[in-house]
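Below: the structure, in structure tokens.
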Amino acid sequence: MLSIDNVYINLRGNWRVKYLRIIRNSGSFDLAVSELTISTTIAITSDNTGRPMVSVTNCAATVGSVNVKFHGGASWLYNLFRSFINKALRNALQKKICPLVIRSIADTNPHLKTLNGDMINYVLITVLAKVDQYAEIEYSMVGSPVISNTFIDLGLKGEFYNIGQHKEPPFSPKPFSLPTQDTKMLYFGISAFSINSAGFVYQTAGVLRLSITDDMVR
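To convert, note that position 17 of the sequence shown is 27 in this note's numbering; the numbers rise steadily by one, no gaps.
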């Protein structure tokens with residue numbers, strides 16, 4: 011949850027009125043926004059490529075008050091209607107906040123989709139990182155992260171492949187879990203499948219092969 015409370019905003023700007031060729035007027039204004047509160051609930055999930063994706067599941071915004079004061083020109087006339095203008099500005103601002111927040115958070119998703127990958131017309135490749143000349147590791151998310159008040163549980167694939175040849179090993183991953191402890195800041199777990207997939211990759215690449223000759227044992 012993202013919450014912003016009791017925000018105060020002060021702005022100074024210029025105004026201009028032009029109607030046909032008859033009315034032309036201009037001046038400045040001071041605008042004060044008081045007790046602005048925004049409360050949003052943000053969900054973090056994974057898309058079909060294993061990359062994180064964020065969205066807003068709930069948003070509420072309130073504006074305590076808006077106070078505008080005009081200066082110059084015919085401001086004396088406009089200031090007579092300040093109470094009506096203040097109310098209209100407050101209602102308009104309050105309606106605009108949540109759509110702006112939702113759109114701003116949604117705009118981060120295209121950037122998240124480019125994490126260590128290429129984006130061509132929004133068609134994405136797998137999340138990969140090169141290890142060396144023989145291997146690369148896929149670390150895409152295997153599911154949506156679990157977030158609570160005390161921890162974040164994030165599961166990544168962690169499978170090694172030969173570079174350019176994504177051949178699955180002749181064994182399957184098995185589920186595993188971390189110890190139910192909470193005394194440390196960070197817990198990091200690696201399954202036997204990740205280690206074995208690395209061994210399979212290097213064995214396939216011929217790195218782990220060793221030929222023993224008579225000269226080597228003399």
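A virtual CB, placed ideally from N, CA and C, is assigned to each residue, including glycine.
Q: Taking only beta-carbon positions, decide if K106 is within less than 8 Å of chain C.
A: In the structure shown, chain C does not exist; there is a single protein chain.
Q.
Quick test of your reading: K140 and E148, contact by CB under 8 Å. State the CB separation rounded to the nearest angstrom.
A. For the purposes of this step, residue 140 is taken as the residue at position 130 of the sequence shown. For the purposes of this step, residue 148 is taken as the residue at position 138 of the sequence shown. K140 to E148, Cβ: 11 Å. No contact.
Q: Could you say which of N35, S65, I205, L188 lies nearest to L110 if we only look at CA atoms?
A: Looking up residue 110 in the sequence shown gives position 100. Per the C-alpha coordinates, the member of N35, S65, I205, L188 positioned closest to L110 is S65.
Q.
Rounded to whole angstroms, what is the Cα-Cα separation between N89 and P62?
A. For the purposes of this step, residue 89 is identified with residue 79 of the sequence shown, where counting begins at 1. For the purposes of this step, residue 62 is identified with residue 52 of the sequence shown, where counting begins at 1. Between N89 and P62, the C-alpha separation is close to 50 Å.
**Q.** Backbone CA spacing between Y29 and V78 [nearest angstrom]
**A.** Counting from one through the sequence shown, the residue named residue 29 turns up at place 19. Counting from one through the sequence shown, the residue named residue 78 turns up at place 68. When the Cα atoms are used, Y29 and V78 turn out to be separated by approximately 22 Å.
Q: Take the Cβ of S207 as the centre, count every other Cβ of all protein chains shown within 10 Å, and call the residue buried at 16 or more, exposed below.
A: Reading the sequence shown from its first residue, position 197 is the one you call residue 207. Looking at its Cβ environment, which holds 16 or more other Cβ atoms inside 10 Å, S207 is buried.
Q: Use the C-beta contact count for L188: other C-beta atoms within 10 angstroms, 16 or more gives buried, fewer gives exposed.
A: The count along the sequence shown starts at 1 and reaches residue 188 at position 178. Exposed: under 16 other Cβ atoms inside 10 Å.
Q: Can you say whether I222 is buried or exposed, counting buried as having 16 or more other CB atoms within 10 angstroms of its CB?
A: In the sequence shown, the residue the question calls residue 222 occupies position 212. Counting Cβ neighbours within 10 Å, I222 comes out exposed, since fewer than 16 surround it.
Q. If you drop the 5 nearest sequence neighbours on each side, which residues of the same chain put their C-beta closer than 6 Å to that of D40?
A. On the sequence shown, residue 40 is found 30 positions in, with the first residue counted as 1. So the list reads R22, K79, once near-sequence residues are dropped.
Q: Any chance you could list the beta strand (DSSP E) runs of at least 3 consecutive residues sitting entirely within the segment 34-111, in chain order?
A: Look at the segment 34-111 and you find these whole runs of beta strand (DSSP E), each 3 residues long or longer: 62-81.
Q. Candidates Y197, K177, T47, S36: which alpha carbon is nearest I162's?
A. Along the sequence shown, read from residue 1 onward, the residue named residue 162 stands at position 152. In terms of Cα proximity to I162, the closest of Y197, K177, T47, S36 is Y197.
Q) Cα separation between Q191 and N159? A) One-based indexing of the sequence shown puts residue 191 at position 181. One-based indexing of the sequence shown puts residue 159 at position 149. One C-alpha to the other measures close to 15 Å.
(Q) Bridge partners for L220 per DSSP, in chain order? (A) Residue numbering aside, residue 220 sits at position 210 when the sequence shown is read from its first letter. In the DSSP output, where bridge partners are listed per residue, L220 has none listed.
Q. Among G209, N58, L87, V43, which one has its Cα closest to the Cα of F181?
A. For this step, residue 181 is matched to residue 171 along the sequence shown. Between F181 and the set G209, N58, L87, V43, the nearest pair of CA atoms involves G209.
Q) Where L164 and I54 are concerned, what is the direct C-alpha to C-alpha distance, given to the nearest angstrom? A) Numbered from 1 along the sequence shown, position 154 holds the residue referred to as residue 164. Numbered from 1 along the sequence shown, position 44 holds the residue referred to as residue 54. A direct Cα-to-Cα measurement between L164 and I54 gives close to 11 Å.
Q.
Classify T72: buried if its beta carbon has 16 or more other beta carbons within 10 angstroms, exposed otherwise.
A. Counting from one through the sequence shown, the residue named residue 72 turns up at place 62. Under the 10 Å beta carbon count, T72 is surrounded by fewer than 16 other beta carbons and is classified as exposed.
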